[in-house]
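Encoded as structure tokens, the structure appears first; notes follow it.
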Amino acid sequence: MSKVNNILLAGVGGQGILLASEVISEVMLMAGLDVKKNEIHGMSQRGGSVVSHVRYGEKVYSSIIPEGEVDILFSFELLETCRYLPLLRKNGRVVVTDWKISPPAVARGVQSYPENLAQKICQQFPESVVVDGLNLALAAGNAKTVNTVLLGALSNILKFEREQWLTALQKMIPEHLLDVNLKAFAAGCQVK
Amino acid sequence: MKKVLLSGNEAIARGTYEAGALVACAYPGTPSTEILETIAQYPEINSSWAPNEKVALEVGIGACFGGARSLVTMKHVGVNVAADPLFTLSYTGVCGGLVLVTADDPELHSSQNEQDNRNFAKFAKIPMMEPADSQEALDYTKLAFEISEQFDTPVFLRSTTRISHSKSTVVLGERPIEIPEPKLERNPGKLVMLPGNARKLHPIIEQRILDLEKWVCQQSFNQIEKGAGQVGVITSGVSYQYVKETMPDADVLKLGMVYPLPKQMIRDFAANYKTLYVIEELDPFIEEQVRAMGIEVIGKDKISLCGELTPGRINMQLFGQDAPTEDTAADLPPRPPSMCPGCPHRGVFYELKKAKAYVSGDIGCYTLGFMPPLSAMDTCICMGASVGIATGMSKVLPEEERRKVVAVIGDSTFLHTGINGLMDMVYNKSTSTLIILDNRITAMTGRQENPTSGYQLNELEAPRVDLEQLCRAVGVKHVTILDPYDLELTGKVIRAEMARPEVSVIITTRPCMLVPRDNLIPRPPLLVDHDKCTGCRACLQIGCPAIIWDAEKKKSIVDPIICTGCKVCLQTCKFDAFQECGDKA
Numbered sequence: 000m001s002k003v004n005n006i007l008l009a010g011v012g013g014q015g016i017l018l019a020s021e022v023i024s025e026v027m028l029m030a031g032l033d034v035k036k037n038e039i040h041g042m043s044q045r046g047g048s049v050v051s052h053v054r055y056g057e058k059v060y061s062s063i064i065p066e067g068e069v070d071i072l073f074s075f076e077l078l079e080t081c082r083y084l085p086l087l088r089k090n091g092r093v094v095v096t097d098w099k100i101s102p103p104a105v106a107r108g109v110q111s112y113p114e115n116l117a118q119k120i121c122q123q124f125p126e127s128v129v130v131d132g133l134n135l136a137l138a139a140g141n142a143k144t145v146n147t148v149l150l151g152a153l154s155n156i157l158k159f160e161r162e163q164w165l166t167a168l169q170k171m172i173p174e175h176l177l178d179v180n181l182k183a184f185a186a187g188c189q190v191k
Numbered sequence: 000m001k002k003v004l005l006s007g008n009e010a011i012a013r014g015t016y017e018a019g020a021l022v023a024c025a026y027p028g029t030p031s032t033e034i035l036e037t038i039a040q041y042p043e044i045n046s047s048w049a050p051n052e053k054v055a056l057e058v059g060i061g062a063c064f065g066g067a068r069s070l071v072t073m074k075h076v077g078v079n080v081a082a083d084p085l086f087t088l089s090y091t092g093v094c095g096g097l098v099l100v101t102a103d104d105p106e107l108h109s110s111q112n113e114q115d116n117r118n119f120a121k122f123a124k125i126p127m128m129e130p131a132d133s134q135e136a137l138d139y140t141k142l143a144f145e146i147s148e149q150f151d152t153p154v155f156l157r158s159t160t161r162i163s164h165s166k167s168t169v170v171l172g173e174r175p176i177e178i179p180e181p182k183l184e185r186n187p188g189k190l191v192m193l194p195g196n197a198r199k200l201h202p203i204i205e206q207r208i209l210d211l212e213k214w215v216c217q218q219s220f221n222q223i224e225k226g227a228g229q230v231g232v233i234t235s236g237v238s239y240q241y242v243k244e245t246m247p248d249a250d251v252l253k254l255g256m257v258y259p260l261p262k263q264m265i266r267d268f269a270a271n272y273k274t275l276y277v278i279e280e281l282d283p284f285i286e287e288q289v290r291a292m293g294i295e296v297i298g299k300d301k302i303s304l305c306g307e308l309t310p311g312r313i314n315m316q317l318f319g320q321d322a323p324t325e326d327t328a329a330d331l332p333p334r335p336p337s338m339c340p341g342c343p344h345r346g347v348f349y350e351l352k353k354a355k356a357y358v359s360g361d362i363g364c365y366t367l368g369f370m371p372p373l374s375a376m377d378t379c380i381c382m383g384a385s386v387g388i389a390t391g392m393s394k395v396l397p398e399e400e401r402r403k404v405v406a407v408i409g410d411s412t413f414l415h416t417g418i419n420g421l422m423d424m425v426y427n428k429s430t431s432t433l434i435i436l437d438n439r440i441t442a443m444t445g446r447q448e449n450p451t452s453g454y455q456l457n458e459l460e461a462p463r464v465d466l467e468q469l470c471r472a473v474g475v476k477h478v479t480i481l482d483p484y485d486l487e488l489t490g491k492v493i494r495a496e497m498a499r500p501e502v503s504v505i506i507t508t509r510p511c512m513l514v515p516r517d518n519l520i521p522r523p524p525l526l527v528d529h530d531k532c533t534g535c536r537a538c539l540q541i542g543c544p545a546i547i548w549d550a551e552k553k554k555s556i557v558d559p560i561i562c563t564g565c566k567v568c569l570q571t572c573k574f575d576a577f578q579e580c581g582d583k584a
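Taken in sequence, the protein lines are chains A and B. Be aware that the first sequence starts at 0, since it is given in numbering that gives the first Met the number 0, and climbs by one per residue. Be aware that the second sequence starts at 0, since it is given in numbering that gives the first Met the number 0, and climbs by one per residue.
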């Protein structure tokens, strides 16, 4: 059986994670691959942790990534990244933006936000990419395009046709937001 | 041949369209909600939200008795509510096909229990299909309508969270060009379930299950996939995918219909193996039936009765292989869901806590009133239960404690099954207080319309239930309507009504912050004047995600991007530190 590729998206409700996983899945579909994606709706929408599993290859069975077989942890928030690090393969990679969102107990001052998370991630997974997502999104013209900046950075690693990414973005993003998202995507592509 | 990515729920909707159904009805509930939301995009199908699952099923039954194919959807616990019509519909059978989707929630991602609704199929003597991916969700929905009409029975389609909310590739078909015209046909012997008629039908439905049991042995939805021939596995639904992932060499009998089972097929399959597994989530539903046939299997002696399966859990439970899990270390603060910034429920729970109320809670966003720092919910059982539970407590508690009990329920949940409890409160002279949190939407499931919204599923305008008049009509003399953004008033009224030795209702009216049409006028965000903030942390006690404690400065700050300007925090500050942006800073 040929290898199935596994991307785990992680972050906080409202960050555009589900849209990002739609775009990735659409690219895989265009590439003629079998795709499955899976996420939990419901409670997680109220600012809770959100994860989305995307798997692609010649034939995919489980839509849940088998534990310990995540190839890429594609993450929108530092603390959420660390929560799912144990699910990565040994030689897995992390693509993450250095964005911190305080969980409720931190916001209330009951717990503190752990320090030096980006360094810890890179120490454990040396091939990781840390993206200055918010500043790149602001430079593109809209703070809410961090997810698209990150998709640009991810596209460097996945090696699918640039055209397919652009087509998927055009399909998934409302017309009046398309230009700023295409700029954000291009900015993400520049991240090495 | 067009391939698209659809979720299980979207595929069920598409299957309903391709089956030529004319009616779809539901009460929203995770993970089933998106089925009706998707069907609403097909103008050929009359789709609607009902006030509860029982009404939804009855609407579906009516359409089916009129000769149309109809779909009814609900979450697993919704079937408990719809069970009354369901069990007798099993006797009458159908006219047009009727398919009932039960979307179960193993792992309780968004539910109050983990019941396995396959048991309903056996209990109500109704066949049940169980798809394993989105293509099967589409195909089995169409097939379920055919089986319904062929065997004169309602048919269950069971999904689980991982089927409903997973996307996979689907090949689309077309809707039939000719659909039978609905028409009135009298058939009281079949449709009037008096004892004389029902008694005659009972042996017929017993025979129906026996007929199905033979028929399903010849159907391709029950199929054997050959592996290395050493080990056999019987499985169905999402568990099939995990079996293929973890046991690629096993011979697999994949069941597309989980009730009734293809007994002869199972006997023939089982005869080939020394080691036979039944791999299923939750109850030993297949296993017990296979064991009752005298076949020895490995199943729930190894695989947990609780929680959903994953590839890792199968490897661990069956083969003892360690599976990594997410990091739950204490230095990674958890991120549970919480009430949104500007949520109208926040102030009510803040004041209930201050009034030391014993809160009989209910199902909705406001169940998050349980979470710290509000921590103001003491019971929560099921939809509508808050009211009856408060009444029951008031029957037994001493006077002093009785007054502390307050029932809290949302608008949609009140109309779902809470109104009956209120009638009982009045009729049997309870002394409790009920708070109806009216935000004009079924919020928790993702903002669905309901009879208090003023809109239907398809966003057409609709009459709005007047909650105050409804309460007065059932005999409540004391009804107070207030704005829950006004903390002082909210607290004052709550304490006054708790003390009143009669039934009283408080209706808090503020639309959900996430409904754009009800929040057209933006309010400026607040900011904290750090010259005035003393770091007393009083504002942190309302649990608003927009207020963040700055540990270095020892002051509160407001995140202006998510602050909605509701000013609830402002009222908790004794030092006047909160200001509207634009005020003199």
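Virtual Cβ for every residue (Gly too), placed ideally from N, Cα, C.
Three-state secondary structure (DSSP) at residue i?
i: B/Thr563; result: coil
i: B/Asp549; result: strand
i: B/Asp465; result: coil
i: B/Asn221; result: coil
i: B/Trp48; result: strand
i: A/Val145; result: helix
i: A/Val128; result: strand
i: A/Lys191; result: coil
i: A/His175; result: helix
i: B/Thr441; result: strand
i: A/Tyr83; result: helix
With a Cβ-Cβ cutoff of 8 Å, do residue i and residue j count as a contact?
i: B/Asp586; j: B/Ala384; result: There is simply no residue 586 of chain B to check, as chain B begins at 0 and stops at 584 in what is shown.
i: B/Leu367; j: B/Ser393; result: no
i: B/Ile440; j: B/Val514; result: yes
i: B/Pro153; j: B/Glu212; result: no
i: B/Leu70; j: B/Ala23; result: yes
i: B/Ala406; j: B/Val386; result: yes
i: B/Ile233; j: B/Ile285; result: yes
i: A/Asn155; j: A/Cys188; result: yes
i: B/Asn438; j: B/Pro343; result: yes
i: A/Leu268; j: A/Val130; result: Outside the shown range of chain A, which is 0 to 191, sits residue 268 of chain A, and nothing can be said about it.
i: A/Ser111; j: B/Ala550; result: yes
Rounded to a whole number of angstroms, what is the C-alpha to C-alpha distance between residue i and residue j?
i: A/Val179; j: A/Gln123; result: 34 Å
i: B/Ile164; j: A/Ser74; result: Strictly speaking, residue 164 of chain B in this sequence is His, with Ile absent from that position. Each residue's Cα considered, the two are about 20 Å apart.
i: A/Leu32; j: A/Tyr55; result: 6 Å
i: A/Val128; j: A/Gly15; result: 19 Å
i: A/Lys58; j: B/Met256; result: 24 Å
i: B/Leu469; j: B/Ile541; result: 31 Å
i: A/Ile39; j: A/Val50; result: 7 Å
i: B/Gly534; j: B/Ser555; result: 7 Å
i: B/Cys379; j: A/Pro125; result: 47 Å
i: B/Asp528; j: B/Asn419; result: 49 Å
i: B/Cys568; j: B/Phe577; result: 8 Å
i: B/Lys301; j: B/Ala10; result: 33 Å
i: B/Ala584; j: B/Val347; result: At B/Ala584, the pLDDT of 41 sits below 50, so the modelled position is not reliable and the matter cannot be decided from this model.
i: B/Ile493; j: B/Cys543; result: 21 Å
i: B/Cys565; j: B/Asp151; result: 55 Å
i: A/Ile6; j: A/Lys119; result: 20 Å
i: A/Pro65; j: B/Gln222; result: 25 Å
i: B/Met0; j: B/Lys225; result: 28 Å
For residue i, write down the residues that DSSP places opposite it in a beta bridge.
i: B/Glu460; result: B/Tyr454
i: B/Asp586; result: With chain B represented from 0 up to 584, any question about residue 586 of chain B goes unanswered, as that position is not in the structure.
i: B/Phe155; result: B/Leu99 and B/Met127
With a threshold of 8 Å between beta-carbons, can residue i be considered close to chain C, or not?
i: B/Ser374; result: No chain C appears in the structure shown, which is made up of the protein chains A and B.
At a CB distance below 9 Å, what residues from the stretch 94–116 of chain A approach chain B? Give them in sequence order. Ile100, Ser101, Pro102, Pro103, Ala104, Val105, Ala106, Arg107, Gly108, Val109, Gln110, Ser111, Tyr112 and Pro113
The stretch 301–334 of chain B: which residues have C-beta closer than 7 Å to a C-beta of chain A, in chain order? For the stretch 301–334 of chain B, the beta-carbon criterion of a distance under 7 Å to any beta-carbon of chain A is satisfied by Thr309, Pro310, Gly311, Ala322, Pro323, Thr324, Glu325, Asp326, Asp330, Leu331, Pro332, Pro333 and Arg334.
What residues from the stretch 536–551 of chain B come within 8 Å of chain A, judged by C-beta to C-beta, listed N to C? Result list: Arg536, Leu539, Gly542, Pro544, Ile546, Ile547, Trp548 and Ala550.
Using a Cβ-Cβ cut-off of less than 9 Å, give me the residues of the stretch 230–256 of chain B that come near chain A, in sequence order. Val237, Tyr239, Gln240, Tyr241, Val242, Lys243, Glu244, Thr245 and Pro247
Pull out every residue of the stretch 158–176 of chain B whose Cβ sits closer than 8 Å to any Cβ of chain A, in chain order. Thr160, Arg161, His164, Ser165, Lys166, Ser167 and Thr168
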